[in-house]
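For reference, the structure is listed below as structure tokens.
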Amino acid sequence: MKTKEKLSMVLPAYNESGNIEMAARQLEALCCREELDYELIFVNDGSKDTTWEEICEVSKNNPHIKGICFSRNFGKEAAITAGLECASGDGVVVMDCDLQHPPDVIPSMIQLWRQGYEIIEGVKTNRGKESGWHRIAADGFYRILSQAMGMDMKNASDFKLLDRKVVDVIRSIPEKSRFFRELSTWVGFRSATVNFEVQERMNGSSKWSTGALIGYAIGNLAVCTCLPMQFATICGGLSLFAAMIVCIFMVVQMKQRMAVDYLEMILFCVLLIGGMILVGLGIVGYYIGKIYNEVRGRPSYIVSSKTK
Ligand code: UDP
Ligand code: MG
């Protein structure tokens, strides 16, 4: 490693007026204390307030601070992607610019990075202030997501330090509908975690209404898993199973020389045809899932290191 590593910090910002200067000041002080070369990259995600003016103000005459301004609101995932594209550091920290991701945790992340860890994930020890509905919606989302990914995502966050190696791999993946939290876990690499307490927001309010969060959750679930498409297969299987039971029932009736009720026949036909259609849909869904996996272009493997 070089004598003085460079750390880039990517901060997505949407309507964050009042927070930019404070974030810049605190992070600059931290990088000086840690004796790091650094750059702060604020990505203005189409804010409607004075966020961009504030970014221009802090970056004026300061070569360490860069600003990127989107033409409209493209969402936090796009802002993180743009920040990673622009970052030139040996390591990149992604964090919220409302300072709910506390900068005091970054030295512990840097320490682990210097020990050779390539992904240092911030893990929430609390969830901050959330309304009842918000908490129920978030709990449901994280439960399904954890199930789909086979790991506990409940306390995962976007607060992470990524080594250059990891950033390059993430940048090389052409996928456009991204879920950073999932992608940065999916790529693997040597990872460690650091616990942090979600802080109170400095200024302004959360950008997520419960409706927006549900939309974000559904979109991200679709990015992470094709399993919902197999719901049709399960329903079709159940329908065919029910058709088989009705069929056995009818055969027994015929053997006992009893008249078969025409309603039973109709039920049998409906269950059989419905089941076949649903299983057919499930098969189509399976192939769509395969096509989706090909189209998003994730590599079949990622090499972490090689011998000479
Ligand atoms: N953010 C963004 N684009 C959006 C929504 C949010 O760049 O469309 C940024 C926001 O400025 C903040 C971070 O993403 O830096 C997290 O947003 P917020 O604080 O509203 O979420 P919460 O902390 O309530 O989950
Ligand atoms: Mg926040």
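The sequence shown: position 188 = 187 (numbering that gives the first Met the number 0), numbered continuously.
Here a beta-carbon is modelled for each residue, glycine too, at the ideal position from N, C-alpha and C.
Host beta strand (DSSP E) of residue i (start-end)
{"i": "residue 11", "result": "5-12"}
{"i": "residue 119", "result": "118-123"}
Residues bridged to residue i (per DSSP)
{"i": "residue 37", "result": "6"}
{"i": "residue 159", "result": "93 and 120"}
{"i": "residue 43", "result": "12 and 68"}
DSSP-derived helix/strand/coil call for residue i
{"i": "residue 250", "result": "helix"}
{"i": "residue 61", "result": "coil"}
{"i": "residue 199", "result": "coil"}
{"i": "residue 258", "result": "coil"}
{"i": "residue 319", "result": "Since the first residue of the chain shown is 0 and the last is 307, residue 319 is not available in this structure."}
{"i": "residue 381", "result": "In the structure as shown, the chain begins at 0 and stops at 307. Residue 381 is therefore absent and cannot be evaluated."}
{"i": "residue 66", "result": "strand"}
{"i": "residue 309", "result": "Absent from the model: residue 309. The displayed extent of the chain is 0 to 307, so no value can be given."}
{"i": "residue 88", "result": "coil"}
{"i": "residue 306", "result": "coil"}
{"i": "residue 142", "result": "helix"}
{"i": "residue 134", "result": "helix"}
{"i": "residue 232", "result": "helix"}
{"i": "residue 50", "result": "helix"}
{"i": "residue 298", "result": "coil"}
{"i": "residue 226", "result": "helix"}
{"i": "residue 101", "result": "coil"}
Start-to-end residues for the alpha helix (DSSP H) that takes in residue i
{"i": "residue 75", "result": "75-85"}
{"i": "residue 293", "result": "261-294"}
{"i": "residue 222", "result": "209-223"}
{"i": "residue 113", "result": "105-113"}
{"i": "residue 21", "result": "19-32"}
Residue i vs residue j beta-carbon contact at 7 Å
{"i": "residue 117", "j": "residue 188", "result": "yes"}
{"i": "residue 140", "j": "residue 216", "result": "yes"}
{"i": "residue 49", "j": "residue 136", "result": "no"}
{"i": "residue 119", "j": "residue 29", "result": "no"}
{"i": "residue 224", "j": "residue 281", "result": "no"}
{"i": "residue 42", "j": "residue 82", "result": "yes"}
{"i": "residue 69", "j": "residue 44", "result": "yes"}
{"i": "residue 173", "j": "residue 296", "result": "yes"}
{"i": "residue 7", "j": "residue 38", "result": "yes"}
{"i": "residue 93", "j": "residue 9", "result": "yes"}
{"i": "residue 230", "j": "residue 245", "result": "no"}
{"i": "residue 101", "j": "residue 25", "result": "no"}
{"i": "residue 182", "j": "residue 90", "result": "no"}
{"i": "residue 242", "j": "residue 220", "result": "no"}
{"i": "residue 238", "j": "residue 274", "result": "yes"}
{"i": "residue 166", "j": "residue 301", "result": "no"}
{"i": "residue 125", "j": "residue 20", "result": "no"}
{"i": "residue 98", "j": "residue 155", "result": "no"}
Fill in: Length at least 4, wholly inside the stretch 163-190: the alpha helix (DSSP H) runs in chain order
Within the stretch 163-190, the complete alpha helix (DSSP H) segments of 4 residues or longer fall at 163-171 and 179-185, listed in chain order.
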